[in-house]
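Chemist: To start, I am sharing the structure in question, which I have written as structure tokens.
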Amino acid sequence: TELTKLRAENAAQVEEIGKLRVRVVDVDNGSMTPSTELKKDTLEMEMKEAKSERKEKKNGSKRQRKTCEEMVTSVLFNPKLFSRPLQNGVDFLLVGEHKKTVKLKNNEWTEFKFGVYLIGDEITVTADCDGWFIKDLGQVKINTSHLWIKHHTSTIDCSGLGHHSDSGPGKGGIFTGIGKKQWYVGGGAGHGSKGAEFDLSFGCGHGKGGDVYGEETLLKQMFCGSGGGSSQNENGVWKGGRGGGIIHLVVQQQLINGGTLRCDGLDGESHAGGGGSGGSILIQLHSSSDTCPHTLGAISCKGGNVSGGNEGGCGRIAIYGSQISDQELKLIAPLPFCKLGK
1 TELTKLRAEN AAQVEEIGKL RVRVVDVDNG SMTPSTELKK DTLEMEMKEA
51 KSERKEKKNG SKRQRKTCEE MVTSVLFNPK LFSRPLQNGV DFLLVGEHKK
101 TVKLKNNEWT EFKFGVYLIG DEITVTADCD GWFIKDLGQV KINTSHLWIK
151 HHTSTIDCSG LGHHSDSGPG KGGIFTGIGK KQWYVGGGAG HGSKGAEFDL
201 SFGCGHGKGG DVYGEETLLK QMFCGSGGGS SQNENGVWKG GRGGGIIHLV
251 VQQQLINGGT LRCDGLDGES HAGGGGSGGS ILIQLHSSSD TCPHTLGAIS
301 CKGGNVSGGN EGGCGRIAIY GSQISDQELK LIAPLPFCKL GK
């Protein structure tokens, strides 16, 4: 069957999609910034759906939810289900090729009404921002019906897109020692937890760990991770690692994360610069897991310089709308703030 072909984990899957004349997104040499402005026919479709929902609510019936696989099948093989032809990269996002990078518009909501499906291997979705500019902090914001990350090698990743070295509300302390023959280590940046700092038994002049900031629910404000403190030795100054960026996901029906959602802080240069702190990940699930079971998968907002004496603090993760099992918690670091309601 066509669905069986879709599930095949090899190149034949991509060829099959190509035969159906569905454009698979390829953005190696640029960025994709899908329009979120709704056209007239889209508005009409939404009005029909809203009317249908009101009718179902009045009659006491529940609206049928579709799983990610069912929705992909509908989008690819049953176009007559929709009032108009759907366009990949605008109405939905389907990436079936391998080793692809998709850049979404930075710090702006990207809406894919009919789902995001990362079917290929080694796919990375990230923010389209120039990491060299101090104020250009990376944030991915997606509002979609479904989100399916199929392979463990695929990610939505804003690691290292937060504040630069020696900057941010929880920045790591810069070295204070004098004398190039000594090695003075920068402090780790703080965020969800305080940044680490070298023990005084190693001598004075090392940078202090950065402070905690922000709040656990992530509903009032979301923060990027801060940069680690700079260090110095006889070979020069070594920068601290950048903090993690921000990922905000709103999923209306089902989330299947077989890969990783990541906003980690980066290591400091030569691990002498302090580690950057983790960023923020907020996930809002609007459909009960009873109707469409969610798979949260691996989620990470760790600090840089892991296990070092100047490790960056963790970031913050908040998840709304899903019960989280003990097994799922083992894949989420740090432990998230969670609430069943939206």
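Reading the sequence shown from the start, the letters are residues 1 to 342 in my numbering. We put the beta carbon where it would ideally sit given N, CA and C, even for glycine.
1. Could you check whether residue 301 and residue 279 sit closer than 8 angstroms to each other, using their CB atoms as the reference points?
2. Comparing alpha-carbon positions, which option in 87, 98, 292, 304 lies nearest residue 251?
3. Span of the alpha helix (DSSP H) holding residue 327?
4. Would the region 138-153 and the region 106-121 be scored as touching if the rule is three or more Cβ pairs under 8 angstroms?
5. Give the straight-line distance between the Cα atoms of residue 285 and residue 116, rounded to the nearest whole angstrom.
6. Nearest CA to the CA of residue 334: which residue from 314, 100, 231?
7. Does the contact criterion of 3 or more C-beta pairs under 8 angstroms hold for the region 213-222 versus the region 258-270?
8. Based on the DSSP secondary-structure assignment, which residues constitute the bridge partners of residue 170?
9. Measure the C-alpha to C-alpha separation of residue 162 and residue 87 and round it to an integer number of angstroms.
10. Using C-beta distances below 6 angstroms, list every residue in its chain close to residue 101, excluding the 5 sequence neighbours before and after it, in chain order.
11. Check residue 239 in the structure and name its three-state DSSP category.
12. Confirm, please, whether the CB-CB distance from residue 168 to residue 194 is below 8 angstroms.
13. Quick check: what's the CA-CA separation for residue 175 versus residue 130?
14. What does the alpha-carbon distance come out to for the pair residue 122 and residue 98?
15. Within 10 angstroms of its Cβ, does residue 93 collect 16 or more other Cβ (buried), or is it exposed?
16. Mark residue 343 as exposed unless 16 or more other C-beta atoms lie within 10 angstroms of its C-beta, in which case mark it buried.
17. Report yes if the CB atom of residue 89 is closer than 8 angstroms to the CB atom of residue 164, and no otherwise.
18. Looking at the strands, I want to know which residues DSSP matches up with residue 281.
19. Express the C-alpha separation of residue 118 and residue 154 in angstroms, rounding to a whole number.
20. Which value, in whole angstroms, describes the spacing of the CA atoms of residue 66 and residue 318?
21. Excluding sequence positions up to five away, which residues of its chain have a Cβ less than 6 angstroms from the Cβ of residue 311?
22. What are the boundary residues of the beta strand (DSSP E) that includes residue 112?
23. Roughly how many whole angstroms lie between the Cα atoms of residue 323 and residue 74?
24. Give the range of the beta strand (DSSP E) segment to which residue 74 is assigned.
25. Rounded to whole angstroms, how far is the Cβ of residue 249 from the Cβ of residue 299, which I believe are closer than 8 angstroms?
26. When the distance is taken between beta carbons, is residue 172 closer than 8 angstroms to residue 186?
27. Give the secondary structure of residue 307 by DSSP, where H, G and I count as helix, E and B as strand, and everything else as coil.
28. Which residues does DSSP list as the beta-bridge partners of residue 260?
29. Check for me: the beta strand (DSSP E) holding residue 106 runs from which residue to which?
30. Based on the DSSP output, what are the partners of residue 144 in its beta bridges?
31. If you check the beta carbons only, do residue 182 and residue 158 fall under 8 angstroms apart?
32. Indicate the three-state DSSP secondary structure (helix, strand or coil) for residue 231 in the structure shown.
33. Only counting the same chain, and skipping five residues up and downstream in sequence, which positions put a Cβ closer than 7 angstroms to that of residue 352?
Modeler: Answer, in terms of the structure:
1. Yes, the pair counts as a contact, with Cβ atoms nearer than the cut-off.
2. Measuring from the Cα of residue 251, the nearest candidate turns out to be 292.
3. 326-329
4. yes
5. 14 angstroms
6. 314
7. no
8. None; residue 170 has no bridge partner.
9. Approximately 32 angstroms between the Cα atoms of the pair.
10. 124
11. coil
12. no
13. Our two residues, residue 175 and residue 130, have alpha carbons roughly 28 angstroms apart in a direct line.
14. 6 angstroms
15. buried
16. Residue 343 is absent from the model: the chain starts at 1 and stops at 342.
17. no
18. DSSP, once it has assigned bridges, lists 247, 317 as partnering residue 281.
19. 8 angstroms
20. Answer to the nearest angstrom: the Cα atoms are 25 angstroms apart.
21. 188, 196, 275, 303, 305
22. 109-112
23. 28 angstroms
24. Note, residue 74: premise wrong, no beta strand (DSSP E); alpha helix (DSSP H) at 68-77.
25. Not a contact, Cβ separation roughly 10 angstroms.
26. yes
27. coil
28. 155, 298
29. Element bounds for residue 106: n/a, residue is neither H nor E.
30. 112, 251
31. no
32. DSSP, reduced to helix, strand and coil, places residue 231 within a strand of the structure shown.
33. Here the chain comprises residues numbered 1 to 342, so residue 352 is not present and cannot be evaluated.
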